[in-house]
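In UniProt numbering, the protein residues as written are 1 to 468.
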């Protein structure tokens with residue numbers, strides 16, 4: 001029995017425009033029909049493990065909770081990092097939580113944004129890692145390389161440990177091509193997967209020895225942890241003092257307990273659009289298409305069309321990604337530089353790197369279908385039984401028209417019920433709330449008008465999701 005620790009932080013800037021700050025790649029459907037987080041959870045099926053402990057950013061908590069619910073995992077704890085501090089502090093928080101009640105489980109640490117196509121081979125690797133972890137080893141999984149990859153770090157195998165793995169002889173940074181080719185020819189090097197298995201107490205002993213400042217800050221943060229249903233919130237100021245470091249730098253490169261289990265399981269870190277192209281089925285010309293796509297005389301390209309028809313003619317080795325508010329066109333060999341576009345968006349104080357046009361909330365979602373000077377139109381969907389916060393606005397009024405379902409509307413001292421084709425008006429400054437009392441999604445059109453229409457013009461007076 002072990003506890004899976006799912007690392008669901010990170011932003012995935014190289015997969016823009018699908019991956020955004022408020023909707024990063026681990027929550028996106030990129031390969032297959034489910035999200036990367038859901039696929040990570042699904043590959044645990046058949047293993048003798050406890051409910052997973054998910055670690056994610058505070059702003060992604062409702063995304064994580066909803067995707068776990070859709071995966072059939074409810075009331076599983078979600079540990080919320082107050083801010084990003086890299087993998088060593090995140091894993092330390094998880095290890096402290098796992099031992100909080102006096103237990104000392106094995107932990108299987110997995111990033112939520114990796115693809116593993118051969119699940120039985122992955123299960124075999126986990127079984128081997130359990131043997132080593134039970135012997136007190138800090139185990140990492142090394143991916144058996146299939147090419148001289150320059151975008152990954154490498155693990156050098158040392159002497160064999162029984163039939164299960166190897167002592168870690170060393171770690172190597174991302175190499176140049178000649179060095180990567182030498183590693184591949186040598187046969188004793190694996191790609192560094194970022195997956196680990198160890199007993200919680202063994203890891204905590206190692207972090208105490210090699211990075212005591214991280215352990216001290218995490219202990220202080222967990223001493224002040226607050227729980228809200230299944231959300232666990234470490235104390236912010238204490239965690240803010242924590243040094244930022246990866247588990248490799250903080251522990252694995254310094255400990256004498258490191259072991260590696262080679263894993264040949266169709267692994268891919270889905271770190272770029274070219275990586276996605278490699279994993280997808282292709283037509284006779286090497287093209288991989290998703291959505292409404294037409295092509296003429298085009299080769300070795302990937303096209304993802306989310307909202308509109310996309311047509312390509314006479315092109316090769318291209319990436320074309322279309323969303324409701326942005327289109328990316330890049331050469332497949334240049335997609336690592338997509339993050340520079342994200343940097344330009346940030347520098348220009350734009351929002352296309354932060355949110356999609358469709359924005360998800362704990363109660364449902366809204367799609368900004370039109371906007372202009374002093375007005376904005378949204379299509380709002382509220383889940384059955386969900387309720388928006390009791391709130392008011394200083395700068396805008398709102399008109400609501402129900403398209404489908406039933407709405408219970410608080411407006412000042414009055415509560416009214418609206419059904420299909422009925423509407424109401426919320427004056428500027430009026431206290432109001434919207435609730436779906438029915439059993440089907442509530443859909444309505446909201447027309448905002450006023451001098452300022454930003455999302456920060458929301459004064460929440462009461463909120464069941466803890467956002468006041």
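Just so it is clear, CB atoms sit at the ideal spot from N, CA and C, and this is done for glycine as well.
The continuous alpha helix (DSSP H) containing residue 89 extends over residues 87 to 98. Annotated as distal: residue 400 and residue 383, with beta-carbon spacing of 8 Å or more. One Cα belongs to residue 14, the other to residue 270, and the distance between them is close to 10 Å.
Following the DSSP letters along the chain, one finds residue 143 inside the beta strand (DSSP E) bounded by residues 138 to 143. Listed as beta-bridge partners of residue 111 by DSSP are 7. When C-alpha distances from residue 396 are compared across 41, 177, 440 and 374, the shortest belongs to 374. For the pair residue 7 and residue 84, the Cα-to-Cα distance works out to about 12 Å. For residue 293, the closest alpha carbon among the candidates 300, 301 and 311 is that of 311. Annotation for residue 192: the continuous beta strand (DSSP E) segment containing it runs 189 to 199.
The shortest CA-to-CA distance from residue 394 to any of 430, 111, 335 and 242 is the one to 430. Straight across, the Cα-Cα distance linking residue 54 with residue 313 is about 44 Å. Beyond the five residues adjoining it in sequence on each side, residue 202 comes within less than 6 Å, by CB distance, of 136 in the same chain, given in chain order. The beta carbons of residue 117 and residue 148 sit about 21 Å from each other, so the pair does not count as a contact at 8 Å. Taking the CA atoms as reference points, residue 233 sits about 16 Å from residue 99.
The Cβ-Cβ distance between residue 3 and residue 107 falls below 8 Å.
Taking the C-beta atoms as reference points, residue 37 is found nearer than 8 Å to residue 112. A direct Cα-Cα distance of roughly 31 Å separates residue 381 from residue 272.
For residue 227, the enclosing beta strand (DSSP E) covers residues 226 to 228. From the listed residues 76, 255 and 334, the smallest Cα separation to residue 206 is found for 255. In the structure shown, residue 276 adopts helical secondary structure according to DSSP, grouped into three states. Looking at the backbone, the Cα of residue 433 and that of residue 425 are separated by about 12 Å. Between the alpha carbons of residue 322 and residue 17 lies a gap of roughly 8 Å.
A distance below 7 Å between beta-carbons, with the five flanking residues on each side excluded, links residue 104 to the following residues of its chain, in chain order: 199, 200 and 201. Distance from the CA atom of residue 349 to the CA atom of residue 343, rounded to whole angstroms, is 10 Å. Inter-residue distance for residue 442 and residue 114 is about 35 Å (C-alpha atoms, whole angstroms).
Counting the other CB atoms within 10 Å of its CB gives residue 366 a total of 16 or more, which places it among the buried residues. A Cβ-Cβ contact shorter than 8 Å links residue 317 with residue 301.
If you compare the alpha carbons of 439, 376 and 414 with that of residue 449, the shortest gap goes to 376. Collapsing the DSSP output to three states places residue 465 in coil. Less than 8 Å separates the beta-carbon of residue 268 from that of residue 278. Fully enclosed beta strand (DSSP E) runs of no fewer than 3 residues occupy 358 to 361, 364 to 372, 375 to 382, 390 to 392 and 396 to 404 of the segment 358 to 405, in order along the chain. Non-local C-beta neighbours of residue 325 in its own chain, meaning closer than 8 Å and more than five positions away in sequence, comprise 17, 352, 356 and 357, ordered along the chain. Within 10 angstroms of the beta-carbon of residue 416 lie fewer than 16 other beta-carbons, which makes it exposed. The segment 215 to 229 and the segment 178 to 192 do not touch, with fewer than three beta-carbon pairs separated by less than 8 Å. The Cβ atoms of residue 354 and residue 21 sit closer than 8 Å to each other. When the Cα atoms are used, residue 259 and residue 456 turn out to be separated by approximately 49 Å.
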